[in-house]
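K.L.:
For what it's worth, our numbering labels the leading residue of the sequence shown as 210, then goes sequentially. Ideal Cβ placement from N, Cα and C applies to all residues, glycine included.
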Amino acid sequence: MDRGERFGYRLVLPPHMALATNKVEAFNGFSQWIGFCNGGVITDNDPVEQEKTAKVNALLTLAVIFHNALDIAEIVRQLQEEGQTIDPEDLAHISPHLTEHIRRFGEYSTHELGLEPEAYDPHLDVDFSSLRGDGPPAPDGYGQAA
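1) From Lys261 to Leu288, what does the alpha carbon distance come to, in whole angstroms?
2) For Ser339, which option in Glu325, Glu291, Pro297, Val273 has the closest C-alpha, if you only look at C-alpha atoms?
3) Secondary structure at Ala328, three-state DSSP: helix, strand or coil?
4) Could you tell me if Gly244 is buried or exposed, where buried requires 16 or more neighbouring beta carbons within 10 angstroms of its beta carbon?
5) My assumption, with CB atoms under 8 Å, is that Phe314 sits in contact with Thr270. Please give the rounded CB distance.
6) From His332 to Gln241, what distance separates their C-alpha atoms?
7) What's the C-alpha gap between Arg341 and His320?
8) What is the rounded straight-line gap between the Cα of Ala272 and the Cα of Lys264?
9) Hey, quick one: how far does the alpha helix (DSSP H) through Asn254 stretch, first residue to last?
10) Distance check for Ala328 and Gln293, CA to CA, integer angstroms please.
11) Applying the 10 Å Cβ sphere with the 16-neighbour rule, what's the burial state of Val250?
12) Candidates Leu324, Thr308, Arg286: which alpha carbon is nearest Leu300's?
13) Let me know the secondary structure DSSP gives Pro223 once reduced to three states.
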């Protein structure tokens with residue numbers, strides 16, 4: 210029983226609000242997992258240091274999410290090269306908040322820091338139009354399939 214039920218009411222969010230809330234909660238949980246030092250607690254009382262810590266954690270979280278998205282896109286391309294058909298519904302359920310392959314306490318090589326990465330190709334040959342629904346068109350660049 211949640212707190213609302215104890216007081217005689219139950220809050221039911223509309224589906225789009227519940228979905229947005231779940232996405233934010235997933236991001237925050239992932240961000241806490243990334244910020245593993247001190248159990249994710251900022252122990253400094255200096256507001257400048259607190260802001261720096263929060264920004265570094267957000268940057269690191271977004272970098273890992275981007276890396277995961279690149280890995281997912283590469284796997285989709287490999288499956289397509291093998292002749293697999295990719296269903297956009299399946300991709301819609303894949304989260305970029307993956308942690309299994311991340312070695313938080315592992316050793317990381319720094320000798321590759323000077324190497325220039327390959328150009329990022331954002332295009333996936335998957336038709337996401339069936340997932341867009343009948344809502345109003347999104348502004349340029351938003352809601353577009355990669």
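P.N.:
Reading off the structure:
1) Taking the Cα positions, Lys261 is about 41 Å away from Leu288.
2) Comparing Cα positions, the closest option is Pro297.
3) Taken through DSSP and simplified to helix, strand or coil, Ala328 comes out as coil.
4) Per the 10 Å Cβ criterion, buried.
5) Phe314 to Thr270, Cβ: 17 Å. No contact.
6) His332 and Gln241: Cα-Cα distance of roughly 30 Å.
7) Going from the Cα of Arg341 to the Cα of His320 covers about 43 Å.
8) Whole-angstrom Cα-Cα distance: 12 Å.
9) Per DSSP, Asn254 lies in no alpha helix (DSSP H) segment and is marked neither H nor E.
10) Spanning the two alpha carbons is a distance of roughly 25 Å.
11) That one is exposed.
12) The candidate whose alpha carbon is nearest that of Leu300 is Arg286.
13) Pro223 carries a coil assignment under DSSP once its states are collapsed to helix, strand and coil.
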